[in-house]
Each structure stands twice: as structure tokens, then as C-alpha cells.
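The working numbering numbers the first residue of the sequence shown as 940 and each following residue consecutively.
Read the structure below first, then the notes.
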Amino acid sequence: MDEGIFEAISHRIRREIIKALGEKKEMTFSELMNQLSLESSALAFHLRKLSKLIEKRGDVYYLTDLGRRTYGVILSLEKGVEPPKQESEVKSELPNEGGGIEDFTPLVISDRLTVNVTKNLIEELYRTKRKLIISDVMTVTFDDDIDPEKLRVVLDGITDVMTVNCPENLRYIIEPRTRDVLTVGKSSGIVPDIGNVIIKELGRALSGSFRDWIRPSRGYSFNTPKIAYDQPLNEFDKLEVEAEGGFVAIERGAPRVKATCKDADDFDIDVTGNKLKVDSEGCTVVITATELENIRVILEGGAITVKDFSPGVFRSEISGGALSFYLQDMVNSSVDISAYGGVVTGSIKYNEFDGKGELNIDVEGGISKIMLGIPQSVGFNAEVKQEIGVVTCPIPIRKGERGELRVKARAYGGTLELEELKG
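What follows is the structure, encoded as C-alpha cells:
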């Protein structure tokens, strides 16, 4: 199956975008945003991920030929009918041997805590000529008695999964078909504590050993990393970072950026007025600043850490990898976190403030845990919505003498845990 189709049908919001354009033929950005009830940043993020399926002409968006084909696949999944064939379409991905496989009507399993793939499931999918796609699941386990050759034919992909447990004789089939998966291998038989897993993986990220391991696979490279950029900068208070693989640290210090890459073309920097924009693909980057008023990070694999800042605006969009952030001395600020996979951990410590502070969290995959330090004089109000996903928020709602922190937490997949810092 084409990777563009896989990206679309394995994610709920992307399916909705494709369906909206398939039904209406053309839509503006505002029309899509209103119909799907999405924030502009979230919609822009998903449109970037669907660049092979959607094109923009003027102010309107259309489906490409591949996008229309994907629309047919989505309809077939929902209605149980064969999608219309394109004249140029290749009718079969693989040779039609032993029952063969058509490139349509896959079984998509997503938004679960655990999935057990059995011999009977693989046999049935093989017999009925269907593919298997697994997405946004915490743990996937493959039984020992699965036929390797039938699994090779049936399994199309696994994405945004914490752990894949499988016997060694199936690993060579499964591992190349994974993306944004933390571990693949034989289970020890003991289910690890989620918090310990997060700490362990973030520790690897911070130590630097994690950055190459989690980098999206683009073939092996034996180039020695070289310094691509190392310069002091004038003061800036706005920062935007987009990273695909690698490791980015954002810390307090004299304004400076240092980037080490295997290929200098994998790093780009732009300074406009008081705004710094950095794009990194598989590099190790350290960004230091005196203070930041506005921070935006976009992460598609790899790791980003943000430490000891007090921004008025903090935005993050995570589709894989690990984000850790530690914000302090916050007041009536605006914090938005959108997680479509990966691991997000952080703490936000508030000072006393008047007015309203906002914290909006949307989780559609992966695992997120956020600690909140809220003074007793500040009120707390939480609006929680969960569909398939899980939200845990034991912090009691209360009125404050001064300002109020308003939290909107939504989970359409994955898990989100909010806790109050004590002391």
C-alpha cells in the first residue's frame, strides 16, 4: 500500500479531511477548519502530512489522484464495498500466490491500549485478501504460532505504538514495517510501568544515545557528524523549531545556536527581527536564549527538551518521538499541546496571577503526562472529553481568590494523565 494512503487511513482526523474534500471536491482552509472543528495549527499540521494526497490552488484545497484513490479506500472501509479502481492503478501489490493480496479493504486497528495478533486473525486476513494496519496502540503482541510467510503478505504497517512484542522468528518481518515504535522484540512476560518506560526513554533521549535510534529510517549513513552551525545571536524572544529525528535542546543562556549534523543540508536557520526559526532533520541542536515569550515546536520523531522558560505562549505539535518541557513562573499564559503519537512529559509551575490562564491538550495517540503546580489562590477549572482515549485528571475543581487556570483536555486516542505538583 502506498505510504500516503497508509498515513491517511490510519489516522482519524486525516480520514475526515480526505472525506470532506472527497464529498465537496474543494474547500478553503477556513471551511475545513470549521467543518472539522480543528484549531488552525492542528489543521495545518495534518495538511502537511497529507501533501501527497492534497494540493492547493489559490485559496482552495483539492484531492490529488492519489487522494481520490485514498477516498475510495476510506469509503470501502466504512461501507464494506470495493472502492472504484483507477485506470492507472496497479491491481495487486504482491503476486497473487496462495490467495494473494489486493491493495484495498485493509483491517485498521487503532486507538487501543493493547492488541493481540493471533494465528487465526492472520489466517483469516490472508484468506480474504486483506491487509492489516495497526496504529495508536500502547502494546501489540504477536502469537508464537503465526506463519511467517502469511504475516509477511498480510502485515502492511505498525505506527505510533509503544511496544511490539513478538517472537524472534517474526521480528525480521515486523520491524521493517514499523514507524514511531519505541521497542520491538521478545516480551519478558512482565508489563512495565508506563511511567518507568517514559522516564527510561526520555533518559536515553537526554543522554544523546536515543537520537539516532529514534530517527526516521532513511537508510544507514556512516558519515561522521560535523558542526553545521555554531554562532552567537542577537536577543530574540520568539522561537519556532521543526525537527524530524535527532535531538534538540532549548535552554537558558546567552543567545546562541549550535548544530551538529551528518549532512549540513539537514539544518536550516532563519532570523527575522526578534524571531528565530530552526529546521532540523536528524541533527543534534542546542539553542540557548535569555528569555522566550513565544515558543512553538513541531516534532516528527527524535526528541526535544525545553527547560526553565516562562513563555506567554507555548505551542507544540507532536506526531512521534519524545517531548519533555519544564515551564516555570507561568502566569495568565496560553499553552497548547497537540499529540498525535510519541511520548510527551512536562511540568508547568504557575505563579499567582489575575485573569485567565489557558491550557489546551489534544491527544490522538501516544502517551502524555503533565504535572501542574498551581497556587491555592488560583482557581482551577477542567473540561475533559474522551473518545476511545483515556484522560486522568484527579485535580479537584476549585474557585480561587485571584485568577483561574482553565484546562481543556481531549483524548481521541492514546492516554493523557494530569497531576498536581505538591509543595
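Beta carbons are placed, not taken as given, at the ideal position from N, Cα and C, and that holds for glycine.
Check your understanding: Where does the unbroken beta strand (DSSP E) through N1233 begin, and where does it stop?
Key -> In the sequence shown, residue 1233 corresponds to position 294, counting from 1. That run of the beta strand (DSSP E) goes N1233 to F1248.
Exercise for review: Assuming I1189 contacts V1245 (C-beta within less than 8 Å), just tell me the rounded distance between them.
Suggested key: In the sequence shown, counting from the first residue as 1, residue 1189 sits at position 250. In the sequence shown, counting from the first residue as 1, residue 1245 sits at position 306. About 5 Å; that satisfies the 8 Å criterion.
Practice item. Over the uninterrupted beta strand (DSSP E) stretch that includes L960, give me the two end residues. Key: As a position in the sequence shown, residue 960 is number 21, starting the count at 1. Note, L960: premise wrong, no beta strand (DSSP E); alpha helix (DSSP H) at R951 to K963.
Review point. So the alpha helix (DSSP H) S969 belongs to, where does it begin and stop?
Key: Along the sequence shown, one-based indexing puts residue 969 at 30. From DSSP, the alpha helix (DSSP H) with S969 extends over F968 to L975.
**Study point:** Separation of D1268 from Y1351, as counted between CA atoms
**Key:** The residue you call residue 1351 lines up with position 412 of the sequence shown. The residue you call residue 1268 lines up with position 329 of the sequence shown. Approximately 31 Å between the Cα atoms of the pair.
**Study point:** the region 1251-1259 in contact with the region 1191-1199 per 3-pair CB rule at 8 Å
**Key:** Three or more beta-carbon pairs separated by less than 8 Å are not found between the region 1251-1259 and the region 1191-1199, which leaves the two stretches without contact.
Exercise for review: Would you mind stating whether V1224 and V1187 have Cβ atoms separated by less than 8 Å?
Suggested key: If you number the sequence shown from 1, residue 1224 lands on position 285. If you number the sequence shown from 1, residue 1187 lands on position 248. The answer is yes: Cβ separation under 8 Å.
Check your understanding: Any idea what DSSP makes of R1341, helix, strand or coil?
Key -> Indexing the sequence shown from 1 puts residue 1341 at position 402. Three-state DSSP puts R1341 in coil, outside helix and strand.
Point to revise | Whole-number beta carbon distance between I1334 and L1311, since they are thought to touch under 8 Å | key: To locate residue 1311, count along the sequence shown from 1; it is residue 372. To locate residue 1334, count along the sequence shown from 1; it is residue 395. Confirmed, about 7 Å.
Review point. Taking Cβ positions, are K924 and I1048 nearer each other than 8 Å?
Key: Residue 924 is absent from the structure shown; the chain starts at 940 and stops at 1362.
Review point. Exposed or buried, what is P1250 when buried is set at 16 or more other beta-carbons lying within 10 Å of its beta-carbon?
Key: Taking the sequence shown and counting its residues from 1, one reaches residue 1250 at position 311. By the neighbour-count rule (16 or more Cβ atoms within 10 Å), P1250 is buried.
Check your understanding: When the Cβ atoms of the region 1004-1012 are set against those of the region 1287-1306, are three or more pairs found closer than 8 Å?
Key -> no
Review point. Any idea if F1074 is buried or exposed, counting beta-carbon neighbours within 10 angstroms, 16 or more meaning buried?
Key: Locating residue 1074 in the sequence shown gives position 135, counting from the first residue. Sequence inspection shows Ser at residue 1074; the Phe mentioned does not correspond to that position. S1074 comes out buried.
Check your understanding: Closest to E1356 by CA distance: which of G1328, K958 and G1342 is it?
Key -> The sequence position of residue 1356 within the sequence shown is 417, counting from 1. Nearest of G1328, K958 and G1342 to E1356, Cα basis: G1328.
Practice item. Could you tell me the boundaries of the alpha helix (DSSP H) in which P1087 lies? Key: Counted from its first residue, the sequence shown places residue 1087 at position 148. Per DSSP, P1087 belongs to the alpha helix (DSSP H) from P1087 to V1093.
Exercise for review: Report the three-state DSSP secondary structure of A1188 (helix, strand or coil).
Suggested key: Residue mapping note: residue 1188 aligns to position 249 of the sequence shown, counting from 1. A1188 falls in the strand class under three-state DSSP.
Exercise for review: Using alpha carbons as the reference points, say which of T967, D1218 and A1348 lies closest to I1208.
Suggested key: Taking the sequence shown and counting its residues from 1, the one referred to as residue 1208 is at position 269. Closest by alpha carbon: D1218.
Check your understanding: Mapping DSSP to helix, strand and coil, what is A1193?
Key -> Here residue 1193 refers to the residue found at position 254 when the sequence shown is read from its first residue. Note: A1193 maps to coil in three-state DSSP.
Check your understanding: Which whole-angstrom value is the C-beta distance of I957 and L986, which I expect to be below 8 Å?
Key -> Within the sequence shown, the letter at position 18 stands for residue 957. Within the sequence shown, the letter at position 47 stands for residue 986. With a contact defined as Cβ atoms closer than 8 Å, I957 and L986 miss out at about 11 Å.
Check your understanding: With distances taken between CB atoms, is the gap from I1306 to E1359 smaller than 8 Å?
Key -> Within the sequence shown, residue 1306 is the residue found at index 367, counting from 1. Within the sequence shown, residue 1359 is the residue found at index 420, counting from 1. No, the pair does not count as a contact, with Cβ atoms beyond the cut-off.
Check your understanding: Which value, in whole angstroms, describes the spacing of the CA atoms of I1097 and G1318?
Key -> If you number the sequence shown from 1, residue 1097 lands on position 158. If you number the sequence shown from 1, residue 1318 lands on position 379. I1097 and G1318: Cα-Cα distance of roughly 42 Å.
Check your understanding: Taking C-beta to C-beta, are Y1000 and E965 nearer than 8 Å?
Key -> Locating residue 1000 in the sequence shown gives position 61, counting from the first residue. Locating residue 965 in the sequence shown gives position 26, counting from the first residue. Cβ atoms of Y1000 and E965: closer than 8 Å.
Review point. Leaving out five residues before and five after I1166 in sequence, what residues of the same chain have Cβ atoms less than 6 Å from its Cβ?
Key: Within the sequence shown, the letter at position 227 stands for residue 1166. Excluding sequence neighbours, I1166 sits near T1199.
Check your understanding: Going by DSSP, which residues form a beta bridge with D1169?
Key -> The sequence position of residue 1169 within the sequence shown is 230, counting from 1. Bridge partners of D1169: K1197.
Point to revise | I952 CB to nearest heavy atom of the ligand FAD below 7 Å | key: The ligand FAD is not part of the structure shown, which contains no ligands of any sort.
Exercise for review: Under the assumption that G1285 contacts S1263 (Cβ atoms under 8 Å), give the Cβ distance between them as a whole number of angstroms.
Suggested key: Indexing the sequence shown from 1 puts residue 1285 at position 346. Indexing the sequence shown from 1 puts residue 1263 at position 324. In this structure, G1285 and S1263 form a Cβ contact; the two beta carbons are roughly 6 Å apart against a cut-off of 8 Å.
Review point. If you count every other CB in all the chains shown that lies within 10 Å of the CB of P1115, and 16 or more means buried, which is it?
Key: Taking the sequence shown and counting its residues from 1, the one referred to as residue 1115 is at position 176. P1115 should be labelled exposed.
Point to revise | Residues bridged to M1269 (per DSSP) | key: The residue given as residue 1269 occupies position 330 in the sequence shown. For M1269, which the question treats as bridged, DSSP gives the partners Y1289.
Practice item. For I1336, name the three-state secondary structure that DSSP assigns. Key: For the purposes of this step, residue 1336 is taken as the residue at position 397 of the sequence shown. In this structure, I1336 counts as coil in the three-state DSSP scheme.
Exercise for review: Assign T1354 to buried or exposed, taking buried as 16 or more other Cβ atoms, counted over all protein chains shown, within 10 Å of its Cβ.
Suggested key: Along the sequence shown, one-based indexing puts residue 1354 at 415. Per the 10 Å Cβ criterion, buried.
Exercise for review: Report the residue from E1343, T1117, E978 and Q1170 whose alpha carbon sits nearest the alpha carbon of V1100.
Suggested key: The residue you call residue 1100 lines up with position 161 of the sequence shown. Residue T1117 is the option with its Cα nearest to V1100.
Review point. What is the C-beta distance between I952 and L975, in whole angstroms, given that I count them as a contact (C-beta under 8 Å)?
Key: Here residue 952 is taken as the residue at index 13 of the sequence shown, counted from 1. Here residue 975 is taken as the residue at index 36 of the sequence shown, counted from 1. Contact holds; Cβ gap of about 7 Å.
Check your understanding: What is the DSSP secondary structure of K1058, reduced to helix, strand or coil?
Key -> One-based indexing of the sequence shown puts residue 1058 at position 119. Reduced to three states, the DSSP call for K1058 is helix.
Review point. Run through DSSP, which three-state label would I1306 get?
Key: Within the sequence shown, numbered from 1, the residue matching residue 1306 stands at position 367. Looking at I1306 - three-state DSSP - the assignment turns out to be strand.
Review point. Three-state secondary structure (DSSP) at I1113?
Key: Counting from 1 along the sequence shown, the entry for residue 1113 is found at position 174. Reduced to three states, the DSSP call for I1113 is helix.
Review point. If we count the other Cβ atoms within 10 Å of its Cβ and call it buried at 16 or more, is S1031 buried or exposed?
Key: Reading the sequence shown from its first residue, position 92 is the one you call residue 1031. Because the pLDDT of S1031 is 37, which lies under 50, any placement of that residue in the model is unreliable, and the number read from its coordinates should be weighed accordingly. Exposed, because fewer than 16 other Cβ atoms sit within 10 Å of the Cβ of S1031.
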